DNA sequence: GCTATCGGAAAGGTACACTATCCATATGCG
DNA sequence: CGCATATGGATAGTGTACCTTTCCGATAGC
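Structure follows, in structure tokens:
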């Protein structure tokens, strides 16, 4: 309960309707919003400041759906470290060139591309400059996943629901994907290294 | 430099060889380890405590490679919130049943399955109980991605390098995948909603 | 009229990741 | 030899983020 007061103070939740100077009314929409905030913080790992940004983007009224989706995507994608290895930036540009994306993004401009470059930069710094080899396969897998995401989002009725489903699907999807990818790793590791059953328990 | 001292204190870096009471020697291995720690913290988003755990698992000597990989995977997979929606647990079990994984994992036992259940639980709590629809497609995409990961890891020479590549590839790969998935989202959104060029810039 | 509760504001607390200071030793330079 | 500087090791302090507690005045309900 004190946490709710805190979120109200931070502007993450809209104030309730004051029925009297000391009585505010909160409806289901408030509860829904609260749970969304908790999901963003707990599962999405977003900071309070990021959540505020996301909600602001979600609540924007006057914009095309595509643009709004883009803005929300930026808000839910926090950039990595500030200083990038120029070689990593080049890796990203080459990757974009390979897939005809070079005209749509400026690597240093968007949070998403910055995230990608920061990750490859980090890989380079620990001696894994060949990690970029996996990029094409990642995109191939990501396309399948994104297709499912889009299909899921397309089930929503209102465009407000589309936006919210996009936020939830992207952030919770990140975690789901993390877990599923690890399951796939374990499956492959089992297939490759395990001589028989019995030593595949994770503990 | 003060940070290095801090990491030494916290046991994240091995102490240097004391050539004299006030002079310690650090070699390339120390530097490599330091960069690994930085990558885990900065890109992987791991806490200092988690990094310590991961390094302990990495430095374990007496274990089969497969088991060691399993232990390291647990260490780099922090579980979600403690209380899970039982329905979400059932979702995960059904998912496992569908893919013949039901014998290999106890949902509440492993960090990875817990992560998955926590994410689906969060989805349910915000009214997206149908998000589990995407699971099968996620696995399909994840298999392609995991295949690339395994191929990358298999390039390593020593089994120590395999373990390290697995840590780096998994954690940095998480971020890379996050970014690539968002790119795929944008691509699809562009294809679906954009009437023409010009409004596809993220800013 | 009396108590319990609520909204709102301000101060306090906790956890984490550093960072700064101190001190004794000891090395390198003149 | 003597002295400034640097180093390892320990202790204490800093900054940030996310809550939590406390207080206050007003009112709702009995």
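Chains as they are written, first to last, in the numbering used here: chain C, -6 to 196; chain G, -6 to 196. All C-beta atoms, glycine included, are put in the ideal place defined by N, C-alpha and C. No experiment lies behind these values; they were computed from the predicted model shown.
ask   = How long is the line joining the alpha carbons of residue 12 (chain G) and residue 20 (chain G), rounded to whole angstroms?
value = It is roughly 13 angstroms from the alpha-carbon of residue 12 (chain G) to the alpha-carbon of residue 20 (chain G).
request  = Give every residue of the same chain whose Cβ lies closer than 7 angstroms to the Cβ of residue 33 (chain G), excluding the five residues on either side of it in the sequence, and list them in chain order.
outcome  = Result list for residue 33 (chain G): 39, 44, 47 and 164, in chain order.
message = So, under 8 angstroms CB-CB, residue 35 (chain G) and residue 115 (chain C) are touching, yes? Tell me the CB distance rounded to an integer number of Å.
response = Between the beta-carbon of residue 35 (chain G) and that of residue 115 (chain C) there is about 6 angstroms, and that keeps the pair under the 8 angstroms contact cut.
task = Using a Cβ-Cβ cut-off of less than 9 angstroms, list which residues of the segment -3 to 20 of chain C approach chain G; keep chain order.
result = Listed by position, the residues of the segment -3 to 20 of chain C near chain G (Cβ gap below 9 angstroms) amount to none.
ask   = For residue 148 (chain C), which of helix, strand or coil comes out of DSSP?
value = It is coil, neither helix nor strand.
task = Put residue 11 (chain G) into one of helix, strand or coil per three-state DSSP.
result = Note: residue 11 (chain G) maps to strand in three-state DSSP.
key: As assigned by DSSP and simplified to three states, the class of residue 75 (chain C)   = Three-state result, residue 75 (chain C): coil.
message = If you measure between the beta carbons of residue 159 (chain G) and residue 1 (chain G), is that distance less than 9 angstroms?
response = Cβ distance not < 9 angstroms, so residue 159 (chain G) and residue 1 (chain G) don't count as in contact.
Candidates C:174, C:118, C:132 and C:185, of which the one nearest residue 204 (chain G) by Cα = Nothing can be reported for residue 204 (chain G): it is not among the residues displayed for chain G, which extend from -6 to 196.
query = For the segment 43 to 61 of chain G, which residues have a CB atom closer than 9 angstroms to at least one CB atom of chain C, in sequence order?
reply = Listed by position along the chain: 57, 58, 59 and 60.
Inter-residue Cα distance where the pair is residue 149 (chain C) and residue 121 (chain G) = The alpha-carbon of residue 149 (chain C) is positioned some 10 angstroms away from that of residue 121 (chain G).
inquiry  = Beta-carbon within less than 8 angstroms of residue 130 (chain G)'s beta-carbon, same chain only, minus the 5 sequence neighbours each way: which residues are those?
reply    = Here residue 130 (chain G) has no same chain residue with a Cβ atom under 8 angstroms from its own Cβ, once five neighbours each way along the sequence are excluded.
query = Should residue 24 (chain C) be labelled buried (16 or more other beta-carbon atoms within 10 Å of its own) or exposed?
reply = So residue 24 (chain C) ends up on the exposed side.
task = Give the residues of chain C in contact with residue 133 (chain G), contact being defined as C-beta atoms less than 7 angstroms apart.
result = 137, listed in chain order.
task = Report the residue from G:9, G:178 and G:70 whose alpha carbon sits nearest the alpha carbon of residue 173 (chain C).
result = Nearest to residue 173 (chain C) by alpha-carbon distance, out of G:9, G:178 and G:70, is G:70.
ask   = Would the beta-carbon of residue 179 (chain C) fall within 9 angstroms of that of residue 134 (chain G)?
value = Between residue 179 (chain C) and residue 134 (chain G), the gap from beta carbon to beta carbon reaches 9 angstroms or more.
inquiry  = Beta-carbon within less than 6 angstroms of residue 58 (chain G)'s beta-carbon, same chain only, minus the 5 sequence neighbours each way: which residues are those?
reply    = Cβ within range, chain order: 152.
ask   = Residues of chain C with a CB under 8 angstroms from the CB of residue 23 (chain G): which are they?
value = Under the 8 angstroms cutoff, chain C gives no residues; its nearest Cβ is about 13 angstroms from residue 23 (chain G).
task = Spell out whether any CB of chain C is found under 9 angstroms from the CB atom of residue 87 (chain G).
result = No, because no Cβ of chain C sits closer than 9 angstroms to the Cβ of residue 87 (chain G).
key: Outcome for residue 176 (chain G) when other beta-carbon atoms lying within 10 angstroms are tallied against a minimum of 16   = So residue 176 (chain G) ends up on the buried side.
request  = Please name the residue, chosen from G:15, G:10 and G:42, that lies closest to residue -1 (chain G) on a Cα-to-Cα basis.
outcome  = Measuring from the Cα of residue -1 (chain G), the nearest candidate turns out to be G:42.
query = With 9 angstroms set as the bound, which would you pick, yes or no: does the beta-carbon of residue 91 (chain G) sit closer than that to a beta-carbon of chain C?
reply = Residue 91 (chain G) does not count as touching chain C.
ask   = If we cut at 9 angstroms on Cβ distances, does residue 153 (chain C) have a partner in chain G?
value = No - not a single Cβ of chain G is within 9 angstroms of the one on residue 153 (chain C).
request  = Please work out which residues of its chain come closer than 6 angstroms, Cβ to Cβ, to residue 88 (chain C), disregarding the five sequence neighbours upstream and downstream, and give them in chain order.
outcome  = Only 128 meet the Cβ criterion.
request  = Verify whether the separation of the beta carbon atoms of residue 181 (chain C) and residue 139 (chain G) is less than 9 angstroms.
outcome  = Taking C-beta atoms as the reference points, residue 181 (chain C) and residue 139 (chain G) count as a pair closer than 9 angstroms.
key: Beta-carbon neighbours of residue 171 (chain G), restricted to chain C and to distances below 7 angstroms   = Within chain C, the residues near residue 171 (chain G) are 108 and 167.
4-residue-minimum alpha helix (DSSP H) runs that sit fully inside the segment 114 to 149 of chain C, ordered along the chain = Entirely contained in the segment 114 to 149 of chain C, the alpha helix (DSSP H) runs reaching 4 residues are, in chain order, 128 to 147.
task = Give the straight-line distance between the Cα atoms of residue 162 (chain G) and residue 78 (chain C), rounded to the nearest whole angstrom.
result = The straight-line gap from Cα to Cα measures roughly 18 angstroms.
message = Among C:6, C:142 and C:75, whose alpha-carbon lies nearest the alpha-carbon of residue 52 (chain C)?
response = Looking at the Cα atoms, C:6 is the closest of the given residues.
query = Using a Cβ-Cβ distance under 9 angstroms, would residue 175 (chain G) count as near chain C?
reply = For residue 175 (chain G), the answer is yes, since a Cβ of chain C falls inside 9 angstroms of its Cβ.
key: Residue-chain proximity (residue 192 (chain G), chain C), Cβ-Cβ < 9 angstroms   = With a pLDDT of only 45 at residue 192 (chain G), under 50, the local geometry of the prediction cannot be trusted, and the value read off the model is given with reservation. Chain C, which has a Cβ nearer than 9 angstroms to the Cβ of residue 192 (chain G), makes this yes.
query = If we cut at 9 angstroms on Cβ distances, does residue 142 (chain C) have a partner in chain G?
reply = Yes - at least one Cβ of chain G is within 9 angstroms of the one on residue 142 (chain C).
request  = Tell me the start and end of each unbroken alpha helix (DSSP H) in the segment 18 to 98 of chain G that is at least 4 residues and wholly inside, in chain order.
outcome  = Runs of the alpha helix (DSSP H) inside the segment 18 to 98 of chain G: 21 to 35, 41 to 52, 58 to 68 and 79 to 91.
ask   = Which whole-angstrom value describes the C-beta separation of residue 124 (chain C) and residue 113 (chain C), a residue pair presumed to lie in contact below a C-beta threshold of 8 angstroms?
value = The Cβ separation is near 7 angstroms, so the contact holds.
query = Rounded to the nearest angstrom, how far is the Cβ of residue 65 (chain G) from that of residue 50 (chain G), given a contact under 8 angstroms?
reply = A Cβ-Cβ separation of about 5 angstroms places residue 65 (chain G) in contact with residue 50 (chain G) under the 8 angstroms criterion.
request  = Express the C-alpha separation of residue -3 (chain C) and residue 170 (chain C) in angstroms, rounding to a whole number.
outcome  = Straight-line Cα distance between these residues: approximately 30 angstroms.
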